[in-house]
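To convert, note that position 169 of the sequence shown is 170 in the working numbering; the numbers rise steadily by one, no gaps.
Each residue gets a CB set at the ideal place from its N, CA and C atoms; glycine is no exception.
What follows is a single structure, written as structure tokens, with notes after it.
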Amino acid sequence: MKPSKFVHYEPTSVDQAVMILADVCEQDGRVLAGGQTLVPAMALRLARPAYLVDINRIEELRQLAVRGGRLRIGACVRHADFHKPVTPGPLGALLSTVVRHIAHLPIRTRGTFCGSIANADPASEWCLVSATLDAVFEARSMRGTRHIDARDFFHGYMATALEADELLVSASLPVLTENTRHGFYEFSRRAGDFAQAMALAAYELHDGKMREVRIGVGGVEDRPRRMPAAQACLEGEAPGEEAFTRAAEAAAMEAEPTDSGDDERAYRRDLVRAVVRRALAQAHGQG
Numbered sequence: 002m003k004p005s006k007f008v009h010y011e012p013t014s015v016d017q018a019v020m021i022l023a024d025v026c027e028q029d030g031r032v033l034a035g036g037q038t039l040v041p042a043m044a045l046r047l048a049r050p051a052y053l054v055d056i057n058r059i060e061e062l063r064q065l066a067v068r069g070g071r072l073r074i075g076a077c078v079r080h081a082d083f084h085k086p087v088t089p090g091p092l093g094a095l096l097s098t099v100v101r102h103i104a105h106l107p108i109r110t111r112g113t114f115c116g117s118i119a120n121a122d123p124a125s126e127w128c129l130v131s132a133t134l135d136a137v138f139e140a141r142s143m144r145g146t147r148h149i150d151a152r153d154f155f156h157g158y159m160a161t162a163l164e165a166d167e168l169l170v171s172a173s174l175p176v177l178t179e180n181t182r183h184g185f186y187e188f189s190r191r192a193g194d195f196a197q198a199m200a201l202a203a204y205e206l207h208d209g210k211m212r213e214v215r216i217g218v219g220g221v222e223d224r225p226r227r228m229p230a231a232q233a234c235l236e237g238e239a240p241g242e243e244a245f246t247r248a249a250e251a252a253a254m255e256a257e258p259t260d261s262g263d264d265e266r267a268y269r270r271d272l273v274r275a276v277v278r279r280a281l282a283q284a285h286g287q288g
């Protein structure tokens with residue numbers, strides 16, 4: 002099939018983009034970056050935007066750099082840009098590990114980090130990274146600029162805090178300290194499929210004890226999030242199988258799967274238990 006008719010705008014600056022978006026947002030105007038979700042939906046006429054604001058010619062949105070202790074990721078930075086570490090240390094290594102779980106190479110070559118964030122699929126790897134590491138998102142409109150914490154950004158399945166006239170300009174992640182250990186584990190039926198459950202674990206190791214523990218789970222609830230009870234199990238403890246098992250059990254009990262049946266929810270909690278334990282084991286293996 003072919004998409005329905007639409008008007009295609011190609012602004013060359015963020016100011017132009019938000020000006021156009023302000024004019025067309027109430028007429029089903031949509032932003033186009035990587036297009037890996039929007040374009041197939043348009044081809045099937047599941048989405049019929051009357052206007053496309055194509056931001057790919059805005060050079061400012063291709064920036065990927067560390068500033069003030071945070072990695073700033075522009076709205077047109079592709080998944081494939083993370084195949085090699087984009088910054089020295091644990092954060093760069095973590096991102097280059099996670100990116101290889103995203104779909105397939107052609108999609109990673111075109112799709113964007115911020116596009117995944119704006120799409121807000123609960124099974125998105127970048128959404129999980131953002132929720133676990135407390136990302137901050139910059140949204141711009143004719144009304145000004147907003148900075149939105151990850152914990153306030155994701156509102157549910159493919160729903161976010163972005164207003165219709167706002168352009169997601171960038172995401173930023175904290176640069177992790179050198180003594181940070183991290184692990185990521187994802188379960189899907191086939192390579193490249195959406196994750197049925199995934200976990201990201203990170204902690205700082207001080208005198209053999211875990212501090213600043215972060216455990217996030219995605220693909221299970223209607224949005225990715227950190228698991229406070231699981232984190233509390235590990236804070237101040239020595240890393241090891243017994244502690245990891247307790248944390249994995251806490252995460253499984255804490256999770257609220259969106260599945261409708263009791264058996265399905267129990268299965269999903271089993272997956273949470275497994276992916277959290279394996280993510281923690283990966284982090285421990287870096288020692």
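Residue i (DSSP reduced to helix, strand or coil)
| i | result |
| --- | --- |
| GLU205 | strand |
| SER131 | helix |
| MET254 | helix |
| ALA239 | coil |
| PRO229 | helix |
| GLU213 | strand |
| ILE21 | helix |
| GLY219 | strand |
| HIS84 | coil |
| SER173 | strand |
| GLY36 | coil |
| PHE154 | helix |
| PHE245 | helix |
| LEU62 | helix |
First and last residue of the uninterrupted alpha helix (DSSP H) at residue i
| i | result |
| --- | --- |
| ASP108 | The sequence given here places Ile at residue 108; Asp does not occur at that position. ILE108 -> alpha helix (DSSP H) spans 106 to 111. |
| MET43 | 39 to 44 |
| ILE118 | 114 to 120 |
| VAL273 | 263 to 285 |
| THR98 | 91 to 99 |
Endpoints, beta strand (DSSP E) assigned at residue i
| i | result |
| --- | --- |
| ASP55 | 52 to 55 |
| ALA150 | Just to set this straight, residue 150 is Asp in the shown sequence, not Ala. Start and end: 145 to 150. |
| SER142 | 137 to 142 |
| ARG68 | 65 to 68 |
| GLY75 | 71 to 75 |
| GLU187 | 181 to 188 |
| VAL78 | That residue, VAL78, is in no beta strand (DSSP E); it is neither H nor E in DSSP. |
| ARG9 | Looking at the sequence shown, residue 9 is not Arg but His. Looking at the DSSP string, the run of the beta strand (DSSP E) that includes HIS9 is 8 to 10. |
Closest Cα partner of residue i within the set the options
| i | options | result |
| --- | --- | --- |
| THR161 | ASP122, GLY70 and LEU272 | ASP122 |
| LEU92 | ARG71, ALA48, GLU250 and VAL273 | ARG71 |
| PRO50 | TYR10, HIS84, ASN57 and GLY237 | TYR10 |
| ALA230 | ARG247, GLY241 and ALA239 | ARG247 |
| THR13 | PHE155, ASN57 and GLY30 | ASN57 |
| PRO86 | HIS80, VAL78 and LEU96 | LEU96 |
| LEU39 | ALA244, SER117, ALA66 and GLU164 | SER117 |
| ARG191 | MET228, ILE103 and ALA275 | ILE103 |
| ARG152 | ILE74, ALA244 and PRO225 | PRO225 |
| GLU242 | THR178, GLY90, HIS285 and ILE108 | HIS285 |
| GLU60 | ARG73, VAL78 and SER5 | VAL78 |
| GLN64 | CYS115, CYS26 and ASP29 | CYS115 |
| THR98 | ALA76, ARG31 and ASP82 | ASP82 |
| GLY35 | HIS84, PRO107, GLU27 and THR88 | PRO107 |
| ASP223 | GLU27, MET159 and GLY30 | MET159 |
| GLY75 | GLN37, ALA119 and ALA249 | ALA119 |
| ALA202 | ALA196, GLU213 and ASP208 | GLU213 |
| ARG68 | HIS80, ASP55 and THR88 | THR88 |
| GLY90 | LEU272, THR178 and ARG278 | THR178 |
| ALA233 | VAL218, ALA251 and GLY219 | ALA251 |
| ARG109 | ALA132, HIS80, ARG73 and GLU205 | HIS80 |
Supposed contact pair residue j and residue i - C-beta distance, whole angstroms, cut 8 Å
| i | j | result |
| --- | --- | --- |
| PHE7 | LEU47 | Rounded, the Cβ-Cβ distance is 14 Å, inconsistent with contact. |
| ALA282 | ALA200 | Not a contact, Cβ separation roughly 11 Å. |
| ARG269 | PRO258 | 4 Å |
| ALA198 | VAL100 | Not quite, the Cβ-Cβ distance comes to about 19 Å (not below 8 Å), so this is no contact. |
| GLU255 | MET228 | 5 Å |
| ALA44 | LYS3 | 7 Å |
CB contact check: residue i to chain B, cutoff 9 Å
| i | result |
| --- | --- |
| GLU242 | Looking at the structure shown, chain B is missing, and only one protein chain is on hand. |
Decide if the segment 183 to 200 is in contact with the segment 121 to 130; the criterion is three or more beta carbon pairs, one per stretch, under 8 Å apart. Here the segment 183 to 200 makes contact with the segment 121 to 130; the two share three or more CB pairs at distances below 8 Å.
Segment contact, 8 Å Cβ cut-off, at least three pairs: the segment 172 to 179 with the segment 135 to 148: Because the criterion of three Cβ pairs below 8 Å is met, the segment 172 to 179 and the segment 135 to 148 touch.
Taking 8 Å as the threshold, find out whether the segment 162 to 170 comes into contact with the segment 139 to 152 through three or more Cβ pairs. Contact holds: three or more Cβ-Cβ distances are below 8 Å.
Check whether the segment 260 to 270 and the segment 235 to 243 touch, using three or more Cβ-Cβ pairs below 8 Å as the test. They do not touch, by the three-pair rule.
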